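Some notes on the structure that comes next.
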Amino acid sequence: MKKSNRKSIQNVLYENPGPRMRARIRAATILSLFLLLLLLFFIVRQFLITGQLDARYWSFFLRPTTWRFLGMGLLGTVEAAALGGIVALVSGFFLMLARISRFGTLRFLSMIVTEFTRGIPTLLFIYFFFLVIPQFGIKMPPLWKIALPVAISASGIVAEVLRSGVNAVPKGQREAALSLGMLEHVVFIKIIFPQAIRFVIPALIAELVIVVKDTSFAYVVSFPDLMQNAKVLISNYDALLSVYLVVAVIYIVINYLLNRLSLFAASKMKIEA
Amino acid sequence: MNLTTLLEQYGKLYLTALFTTWTLTAISFSAAFVIGILITVMRISPVGPLRAAGEIFVQIFRNISGAALLILLVYALPYLNLLFSYYTCVIIATSLIPAAFCSEYLMSGINTIDAGQIEAARALGMSFFQIIRNIVIPQALRSSVLPLTNLLVSTMLTTALASQVPVNPRELTGLVSHINTHAVGGVLAFFVSAFLYSATAVVIGRIGSLIDRKVRILR
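As given, the protein sequences belong to chains A and B, one line each in that order.
Here the first sequence is numbered in my numbering, starting from 983 and rising by one per residue.
Here the second sequence is numbered in my numbering, starting from 48 and rising by one per residue.
Here is the structure:
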């Protein structure tokens, strides 16, 4: 839906250009292509001048051990993101329940917590788990030290997303179920929530992108994720630029695929609805 | 350490840190906004290479993790003989990431514009740039006030990246780690920063919805 809409507005902006406009578009195409190639040329030239394209900076990427090591780091990232995602989903669910409950105090508390977690950077939560929690003598494995702050920071948005899903379920369904004699919590579990969660799957996948990005601060708590393993590779091969470039590309590809998955889920929902 | 002693000892630092966070946010958001508009114009232009370049820019910077981008800027660029100060690197990172999201929000704002308006403008003989400047951008801006408000808040959250490199003066996140490594600031040191962050976010949110109510185009 969104895609076709965008296309239509782009088509409308310049549909059927006349001969003069066509000539100008062609000229602009050639000029911009030239400028972009020039930019690319200067980037590559800079790499060449500084010797960053030398074989010794890139050849170790041909070794399987390099990829095994990066893969292990990636596994750490996935582990932290999965744990963080699950905890965020569960705590977001309870925050949402509190937000729609019939007790005013609960609603207010949930609103405060939601606003609080949404307005604070993940890094601050990470420092809380890294610096403050140990002051109370609580020992936590590094995986939890990164997954928990990431989860807390995502939980507020997850709660809001889930609430928007619950609100999207037509009111008549709840009334119909109540009039059939179902109890309020049964209505919620059996009728409302299964539909709500399906409405918000695309938004939840999009939120997972933020979780994956946030786990890249795992080096603060020295949890072996992609970034942390990259550091080891760098000191082994004395190749900082190439390793970090590859790591950045890995992050971009993962998150790009997650975003595509979210769009795909959204388009599927549209067809079924 | 209780609140009074904490504020006595670090109150001034907190104020500077808050101001630093605000400054970083303002600079980054302004830069992100300008870059975002430029990228959006590229993405809707009839020029193929520009469209592709805009699309690539957005996909790179909305998907890269902040830590990876900052580390590339700070530690990898010097290998290419490109030396920037820590502060500049932070500003670049905290501008480019929100710029990509800004462009995404503007694109969906543009998509809410009725195609008939553009056809009408073309029928009146307006050029592509006239249409963009007088019809598309104003409406796209007006219908993206709320997303842009959220963007301002998330730009503020992104500026916490500055705590990862030595910049002076410290911003709110860097200050907490500073206090906790030099003295036992405990939970309080954390909560003061957290409060300042979320209070700023709430105020931004309120102002945003006020502006939105004023300028939103009712369809």
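Even for Gly, the Cβ is constructed at its ideal location relative to N, Cα and C.
These numbers were taken from a predicted model, which means no experiment stands behind them.
Pull up the CB-CB distance for LEU1144 of chain A and ALA207 of chain B, whole angstroms please, since I reckon it's below 8 Å. Actually they are not in contact, since the Cβ atoms of LEU1144 of chain A and ALA207 of chain B sit about 26 Å apart, beyond 8 Å.
The stretch 1160-1167 of chain A in contact with the stretch 1128-1138 of chain A per 3-pair CB rule at 8 Å: no
Cβ atoms of GLU55 of chain B and ARG109 of chain B: under 8 Å apart, would you say? no
Can you name the start and end residues of the alpha helix (DSSP H) that ALA1005 of chain A belongs to? ALA1005 of chain A -> alpha helix (DSSP H) spans 1001-1031.
Quick one: list the residues of chain B neighbouring MET1209 of chain A, beta-carbon separation under 9 Å, in chain order. Near MET1209 of chain A (Cβ distances below 9 Å), the residues of chain B are SER112, ALA114, ALA115 and ILE118.
Decide yes or no for the touch test of the stretch 141-150 of chain B against the stretch 79-89 of chain B: beta carbon pairs closer than 8 Å, at least 3 of them. yes
Going by beta carbon distance, what residues of the same chain come within less than 6 Å of VAL223 of chain B, once the five residues before and after it are set aside? ALA236, PHE237 and SER240
Proximal residues to LEU116 of chain B (C-beta, below 6 Å), its chain only, five neighbours per side dropped: Here the set comprises ALA140.
Return the chain-ordered ranges of every beta strand (DSSP E) run that is complete within the stretch 1129-1156 of chain A and spans a minimum of 3 residues. none
Between which two residues does the alpha helix (DSSP H) carrying SER1041 of chain A extend? Neither: SER1041 of chain A is in no alpha helix (DSSP H) and is coded neither H nor E.
Quick one: which unbroken beta strand (DSSP E) runs of 3-plus residues sit fully inside the stretch 163-225 of chain B? Chain order, please. none
Buried or exposed: where does MET983 of chain A fall if 16 or more other Cβ atoms within 10 Å of its Cβ makes it buried? At MET983 of chain A, the pLDDT of 38 sits below 50, so the modelled position is not reliable; the number obtained from the coordinates is stated separately. Answer is exposed; the Cβ neighbour count stays below 16.
Can you grab the Cα-Cα spacing for the pair LEU1022 of chain A / GLN177 of chain B, in whole Å? 31 Å
How would you call VAL1026 of chain A, buried or exposed, if buried means at least 16 neighbouring beta carbons within 10 angstroms? exposed
Find out if the Cβ-Cβ distance for the pair ILE251 of chain B, LEU198 of chain B is shorter than 8 Å. Using a Cβ distance threshold of 8 Å, ILE251 of chain B and LEU198 of chain B do not count as a contacting pair.
Check each residue of the stretch 1110-1127 of chain A: if its Cβ is closer than 9 Å to any Cβ of chain B, include it; give the result in chain order. Those would be PHE1110, PHE1112, LEU1113, VAL1114, GLN1117 and PHE1118, in chain order.
If you follow the alpha helix (DSSP H) that LEU1052 of chain A is part of, which residue opens it and which one closes it? 1046-1081
Does the beta carbon of ALA1230 of chain A come closer than 8 Å to any beta carbon on chain B? yes
Please check if any C-beta of chain D sits within less than 8 Å of the C-beta of LEU143 of chain B. No chain D is present in this structure, whose protein chains are A and B.
Which residues in chain A have a C-beta closer than 8 Å to the C-beta of PHE76 of chain B? List them in chain order. Within 8 Å Cβ-Cβ: nothing; PHE76 of chain B doesn't reach chain A, min ~15 Å.
Can you give the Cα-Cα distance for VAL1194 of chain A and SER201 of chain B, rounded to whole angstroms? 16 Å
Indicate whether LEU995 of chain A and PHE175 of chain B have their beta-carbon atoms separated by less than 8 Å. yes
Coarse secondary structure for ALA1221 of chain A, derived from DSSP in three states: Note: ALA1221 of chain A maps to coil in three-state DSSP.
Three Cβ pairs or more, each shorter than 8 Å: is that satisfied between the stretch 1236-1255 of chain A and the stretch 181-194 of chain B? no
Measuring alpha carbon to alpha carbon, tell me which of B:TRP69, B:ARG98 and B:LEU120 ends up nearest ALA1271 of chain A. Because chain A here runs from 983 to 1255, residue 1271 of chain A falls outside it and cannot be looked at.
CA-CA distance, GLY1033 of chain A and GLN1117 of chain A? Just so you know, the alpha carbons of GLY1033 of chain A and GLN1117 of chain A end up roughly 47 Å apart.
Using a 10 Å radius around the Cβ and a threshold of 16 neighbouring Cβ atoms, would you call LEU243 of chain B buried or exposed? Under a 10 Å Cβ-count criterion, LEU243 of chain B is classified as buried, with 16 or more other Cβ atoms of the shown protein chains found around its own Cβ.
Positions along the stretch 90-104 of chain B whose CB lies within less than 7 Å of some CB in chain A: Within the stretch 90-104 of chain B, the residues whose Cβ lies closer than 7 Å to any Cβ of chain A are, in chain order, ILE91, PRO93, VAL94, GLY95, PRO96, LEU97 and ALA100.
Taking just the CA atoms, how far does VAL1191 of chain A sit from PHE1051 of chain A? 23 Å
Specify the secondary structure class of THR87 of chain B as computed by DSSP and reduced to three states. Looking at THR87 of chain B - three-state DSSP - the assignment turns out to be helix.
Can you grab the Cα-Cα spacing for the pair ARG169 of chain B / VAL1182 of chain A, in whole Å? 39 Å
ARG260 of chain B - DSSP class collapsed to helix/strand/coil: helix
Please name the residue in A:PRO1046, A:ASP1036 and A:LEU1056 whose C-alpha comes closest to that of ILE1232 of chain A. A:LEU1056
Alpha-carbon to alpha-carbon, SER1204 of chain A and GLY233 of chain B: 21 Å
Using the C-alpha atoms, what's the distance from PHE1110 of chain A back to ALA1063 of chain A? As the crow flies, the alpha-carbon of ALA1063 of chain A is around 19 Å from that of PHE1110 of chain A.
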